[in-house]
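Chemist:
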Amino acid sequence: MATQSQKLPSGYEPPPKVIKPGHDLGTISDRLSAFVLRKRTPQWWLVGLSISFIFFMGFMLAAGYLLYWGVGVWGVNNPVGWGFAIVNLVWWIGIGHAGTLISAILLLFRQKWRTSISRFAEAMTLFAVACAGLFPILHTGRPWLAYWLLPYPNTMQMWPQFRSPLVWDVFAISTYGTVSLLFWYVGLIPDLGTLRDRTKKRFFQVIYGFLSLGWRGSAKHWQNYEMAYLLLAGLATPLVLSVHTVVSFDFAVSLIPGWHTTIFPPYFVAGAIYSGFAMVLTLAIPVRWFCKMEDFITMRHLHNMGKVMLATGLIVAYGYMMEAFMAWYSAAQYEVDMMRYRVFDGPYAHVYTMLILFNILIPQLLWSSKIRANVVMLWILSIVVNVGMWLERYVIVVTSLARDYMPSAWDTYGGTVWDYMLYFGTIGLFVTLVFLFIRVLPFISMSEIRHMWREQKHQGEA
Amino acid sequence: MQAKTQQTELFGLMAEFKDAESIIAAAEKVRRQGYRKVEGYSPMPVEELDHALGHSKSHVPKLVFLGGLLGCATGIGMQYWISAVDYPLNVGGRPLASWVSFIPVTFELTILFAAFAAVIGMIALNGLPSPYHPVFNVRRFQYASRDRFFLVVESADARFDRVETRRFLETLNPTGVHDVEP
Numbered sequence: 000m001a002t003q004s005q006k007l008p009s010g011y012e013p014p015p016k017v018i019k020p021g022h023d024l025g026t027i028s029d030r031l032s033a034f035v036l037r038k039r040t041p042q043w044w045l046v047g048l049s050i051s052f053i054f055f056m057g058f059m060l061a062a063g064y065l066l067y068w069g070v071g072v073w074g075v076n077n078p079v080g081w082g083f084a085i086v087n088l089v090w091w092i093g094i095g096h097a098g099t100l101i102s103a104i105l106l107l108f109r110q111k112w113r114t115s116i117s118r119f120a121e122a123m124t125l126f127a128v129a130c131a132g133l134f135p136i137l138h139t140g141r142p143w144l145a146y147w148l149l150p151y152p153n154t155m156q157m158w159p160q161f162r163s164p165l166v167w168d169v170f171a172i173s174t175y176g177t178v179s180l181l182f183w184y185v186g187l188i189p190d191l192g193t194l195r196d197r198t199k200k201r202f203f204q205v206i207y208g209f210l211s212l213g214w215r216g217s218a219k220h221w222q223n224y225e226m227a228y229l230l231l232a233g234l235a236t237p238l239v240l241s242v243h244t245v246v247s248f249d250f251a252v253s254l255i256p257g258w259h260t261t262i263f264p265p266y267f268v269a270g271a272i273y274s275g276f277a278m279v280l281t282l283a284i285p286v287r288w289f290c291k292m293e294d295f296i297t298m299r300h301l302h303n304m305g306k307v308m309l310a311t312g313l314i315v316a317y318g319y320m321m322e323a324f325m326a327w328y329s330a331a332q333y334e335v336d337m338m339r340y341r342v343f344d345g346p347y348a349h350v351y352t353m354l355i356l357f358n359i360l361i362p363q364l365l366w367s368s369k370i371r372a373n374v375v376m377l378w379i380l381s382i383v384v385n386v387g388m389w390l391e392r393y394v395i396v397v398t399s400l401a402r403d404y405m406p407s408a409w410d411t412y413g414g415t416v417w418d419y420m421l422y423f424g425t426i427g428l429f430v431t432l433v434f435l436f437i438r439v440l441p442f443i444s445m446s447e448i449r450h451m452w453r454e455q456k457h458q459g460e461a
Numbered sequence: 000m001q002a003k004t005q006q007t008e009l010f011g012l013m014a015e016f017k018d019a020e021s022i023i024a025a026a027e028k029v030r031r032q033g034y035r036k037v038e039g040y041s042p043m044p045v046e047e048l049d050h051a052l053g054h055s056k057s058h059v060p061k062l063v064f065l066g067g068l069l070g071c072a073t074g075i076g077m078q079y080w081i082s083a084v085d086y087p088l089n090v091g092g093r094p095l096a097s098w099v100s101f102i103p104v105t106f107e108l109t110i111l112f113a114a115f116a117a118v119i120g121m122i123a124l125n126g127l128p129s130p131y132h133p134v135f136n137v138r139r140f141q142y143a144s145r146d147r148f149f150l151v152v153e154s155a156d157a158r159f160d161r162v163e164t165r166r167f168l169e170t171l172n173p174t175g176v177h178d179v180e181p
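From first to last, the protein sequence lines are chains U and E.
To convert, note that position 401 of the first sequence is 400 in numbering that gives the first Met the number 0; the numbers rise steadily by one, no gaps.
To convert, note that position 38 of the second sequence is 37 in numbering that gives the first Met the number 0; the numbers rise steadily by one, no gaps.
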């Protein structure tokens, strides 16, 4: 490695390091646990938590109102029985995907830069899945009976219908949530041990000690741990791809024009990763700045995430092209008409235009390495992509349902104030959970950074 | 106080090292000396330490495989039994055991059971949760989760001798050798 670096051409600048030089094991542990162990809660944290908590209370209000009056308070009608609830479900699940992708798929591909952002992204996955799960449950109208979807020997002697994609969804999302939680917790165990040893307060010693299960970091511990972690990554990898595939089956298995297509599974997965990486950037850029973690979430991470966003964005663009192409190529009148309604002459045409602008055209700026090196630009782009992906789910769900086969059944749809309140409320819930998480747990994996530091040292980089 | 600790039985002796390379070298020497009940502690995984200590391969993969098989069997069995035996329901003339539509749930349960096997297997094989362990009695051991490396020779080892072993450990360039009380 050392000899290789001498042969590089003179104009070449080596890529930024994954960890900034000048750290050793001690400073890594101290810096990464400092934000959790500090006594005084910083002002920005309190302000941020308060704002997101107000949004969360909006969610509680909207949910309470919904439960009191029923789903009629939403904008859903016939034929658009799936409105914001499913749009938001698909959007949130998609956001969750980046977490597992970063921690599992990039681990298998030995992408060392994933280390700094994996814990953060995994937590994001958990919170996004929690937000996502709320919507179908509320959409049932009787959320207290949601457990009927599970196979359990009930008094009515009825079982779920296993030929229905909605039941597959229940299994897919609950498995995804559970495995993400396991993966996240296993990754946390050594770090909880560190916190137990570093904290001065008895109360926290007991809490962290309890959660760390008595982790000692013996060679045998690490050996089993590494193996379990690797296998979990291997298991989570097909899981990530399967979850959004199953979500897309909700649509693709139906016979509605614009839904009944084979492009849906890969197109949904790519879109999920796209929005997921956008959300990681949206959160990581401010957190990195506020918590002063520039040494560990370096420009290299932001660069790479920008590149992943660009690549998945192009796959999504391909998906849009294929939707239009297949509608034309199938020569099915209903498909062609739905596409025209969606893109040109329907009431949602402006949404489609915005979607192309936000998801395809503006993100092309990411080709420029100058833009990828500009933190503020990257942050703005990530928000643009998040909005664009939400519009995409909206277009998919609403336009197809609003016009199916019979003109007598056509109707238009728009969200009510309660729809919007519930949606922004879950964003509040999500950000609230992120704020709580970064205060009580190290949001960058200490043990993995130590591991990487050693490898970097061996390569003569540290 | 000093005299009292002298008489108590020890769990073992603990040598402290500054970096991974010294503990790997030390572990090799300790093994070569004939000690078998030796364990290393580090703040991050150090693969070479496993080899130096002569640890056998992890059993986690076998458990995960069994978990996966069990999940797969549970998934397909449950759906077959429910759809074809206990609650047969004719949906559009499809066969009762329409196994193709059972794939998603079977797949998810395979992953779910395998993941639980990985986590529970790892925790069980590591002997966790264990709130108490003698190594925690050493004050310096708190740095094992920060930046220090520790090698423990247990008194249960056949070759263990309180004085001899300590003298030997001191030749391995540790930053300190501590008594581990049980």
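Each residue gets a CB set at the ideal place from its N, CA and C atoms; glycine is no exception.
Below 7 Å CB to CB, which residues in the same chain sit around Leu440(U) once its five sequence neighbours on both sides are set aside?
Modeler: The answer, listed in chain order, is Val35, Leu187.
Chemist: Less than 7 Å separating the beta-carbons of Glu38(E) and Val151(E)?
Modeler: Closer than 7 Å, so yes.
Chemist: Does the beta-carbon of Met445(U) have 16 or more other beta-carbons within 10 angstroms, so that it is buried, or is it exposed?
Modeler: With 16 or more other Cβ atoms within 10 Å, it is buried.
Chemist: Give me whichever residues DSSP pairs with Val150(E) in a beta bridge.
Modeler: Per the sequence shown, the amino acid found at residue 150(E) is Leu instead of Val. Beta-bridge pairing links Leu150(E) to Ala14(E), Gly39(E).
Chemist: Which residues, taken in chain order from the region 135–149 of chain E, show a beta carbon closer than 7 Å to some beta carbon of chain U?
Modeler: From the region 135–149 of chain E, only Gln141, Ala143, Ser144, Arg145, Asp146 have a Cβ closer than 7 Å to chain U.
Chemist: Mind checking whether Val394(U) and Val350(U) have CB atoms under 7 Å apart?
Modeler: It is a contact, given that the beta carbons lie within the stated cut-off.
Chemist: Closest Cβ-Cβ distance between Gln32(E) and chain B: below 7 Å?
Modeler: No chain B is part of this structure, whose protein chains are labelled U and E.
Chemist: Taking a cut of 9 Å between CB atoms, which residues from the region 139–153 of chain U lie near chain E?
Modeler: Per Cβ criterion, the list reads Pro150.
Chemist: Taking Ser97(E) as the reference, which of Gly76(E), Leu108(E), Leu48(E) has the closest Cα?
Modeler: Selected option, being the one with the closest Cα: Gly76(E).
Chemist: So within the region 39–87 of chain U, which uninterrupted alpha helix (DSSP H) runs reach at least 4 residues, ignoring any that extend past its ends?
Modeler: 42–68, all fully within the region 39–87 of chain U.
Chemist: What does Glu462(U) reach in chain E if we use C-beta pairs closer than 7 Å?
Modeler: Because residue 462(U) is not part of the residues shown, which for chain U are 0 to 461, the question remains open.
Chemist: Is the CB-CB distance between Gly82(U) and Val75(U) below 7 Å?
Modeler: Result yes, Cβ atoms of Gly82(U) and Val75(U) sit closer than 7 Å.
Chemist: With distances taken from CA atoms, which of Ser274(U), Arg141(U), Ile382(U), Ala120(U) is nearest Val433(U)?
Modeler: Here the closest residue by C-alpha is Ala120(U).
Chemist: For Gly132(U), which residues in chain E fall below 8 Å Cβ to Cβ?
Modeler: Here the premise fails: no neighbours, minimum Cβ distance about 15 Å.
Chemist: Is Asn172(E) buried or exposed, if buried means 16 or more other CB atoms sit within 10 Å of its CB?
Modeler: Per the 10 Å Cβ criterion, exposed.
Chemist: Taking DSSP as the reference, what is the three-state secondary structure of Ser28(U)?
Modeler: If DSSP states are grouped into helix, strand and coil, Ser28(U) belongs with the helices.
Chemist: Can you name the residues of chain U whose CB is closer than 8 Å to the CB of His132(E)?
Modeler: Here the neighbours are Gly213, Arg215.
Chemist: Please name the residue in Asn303(U), Ala103(U), Leu133(U) whose C-alpha comes closest to that of Ile92(U).
Modeler: Taking only the C-alpha atoms, the option nearest Ile92(U) is Leu133(U).
Chemist: Which whole-angstrom value describes the C-beta separation of Phe397(U) and Val79(U), a residue pair presumed to lie in contact below a C-beta threshold of 8 Å?
Modeler: Residue identity differs from the one stated: residue 397(U) is Val in this sequence, not Phe. With a Cβ gap of about 6 Å, Val397(U) and Val79(U) count as contacting.
Chemist: Which residues in the same chain as Trp378(U) place their Cβ atom closer than 6 Å to its Cβ, once the five residues preceding and following it in sequence are excluded?
Modeler: Cβ within range, chain order: Ile284.
Chemist: Along chain U, in chain order, which residues have C-beta atoms closer than 8 Å to that of Pro173(E)?
Modeler: Chain U residues near Pro173(E): none, gap ~17 Å exceeds 8 Å.
Chemist: Could you check where the alpha helix (DSSP H) with Val239(U) kicks off and where it finishes?
Modeler: Its alpha helix (DSSP H) spans residues 218–251.
Chemist: Under three-state DSSP, which class holds His132(E)?
Modeler: Residue state, collapsed to three classes: coil.
Chemist: In chain order, what residues of the same chain lie with their CB nearer than 7 Å to the CB of Gly140(U), ignoring the 5 residues before and after it?
Modeler: Cβ neighbours of Gly140(U) beyond the five flanking positions: Gly69, Val70.
Chemist: Per the contact definition of three or more C-beta pairs closer than 8 Å, is the region 181–198 of chain U in contact with the region 8–27 of chain E?
Modeler: Not touching, per the Cβ criterion.
Chemist: In whole angstroms, what is the alpha-carbon distance linking Thr4(E) and Ser55(E)?
Modeler: Since pLDDT at Thr4(E) reaches only 49, below the 50 mark, its modelled position is unreliable, and the value read off the structure follows with that caveat. Cα-Cα distance, rounded: 35 Å.
Chemist: Would you kindly check if the distance between the Cβ of Ser241(U) and the Cβ of Pro518(U) is under 7 Å?
Modeler: Only positions 0 to 461 of chain U appear in this structure, which leaves residue 518(U) out of reach.
Chemist: Could you tell me the alpha carbon to alpha carbon distance between Val176(E) and Thr198(U), rounded to whole angstroms?
Modeler: Answer to the nearest angstrom: the Cα atoms are 25 Å apart.
Chemist: Identify, in the order they occur along the chain, each residue of the same chain with its Cβ nearer than 8 Å to the Cβ of Asp146(E), setting aside the five sequence neighbours on each side.
Modeler: Only Pro42 meet the Cβ criterion.
Chemist: Out of Asp336(U), Arg438(U), Asp418(U), Phe429(U), state which residue places its alpha-carbon closest to the alpha-carbon of Val86(U).
Modeler: Comparing Cα positions, the closest option is Asp418(U).
Chemist: List the endpoints of the continuous alpha helix (DSSP H) containing Val162(E).
Modeler: Counting along the chain, the alpha helix (DSSP H) containing Val162(E) begins and ends at 161–169.
Chemist: For Asp410(U), decide whether its Cβ has a neighbour in chain E, counting only Cβ atoms nearer than 7 Å.
Modeler: With 7 Å as the cut-off, Asp410(U) does not count as an interface residue toward chain E.
Chemist: Based on the DSSP output, what are the partners of Ala176(E) in its beta bridges?
Modeler: The displayed chain sequence assigns Val, not Ala, to residue 176(E). Answer is Ala14(E), bridged to Val176(E).
Chemist: Helix, strand or coil for Gly427(U)? Go by DSSP, reduced to three states.
Modeler: If DSSP states are grouped into helix, strand and coil, Gly427(U) belongs with the helices.
Chemist: Is Ile81(E) helix, strand or coil by DSSP?
Modeler: It is helical.
Chemist: Suppose you measure from the CA of Gly66(E) to the CA of Pro237(U); what does that come to, to the nearest Å?
Modeler: Each residue's Cα considered, the two are about 16 Å apart.
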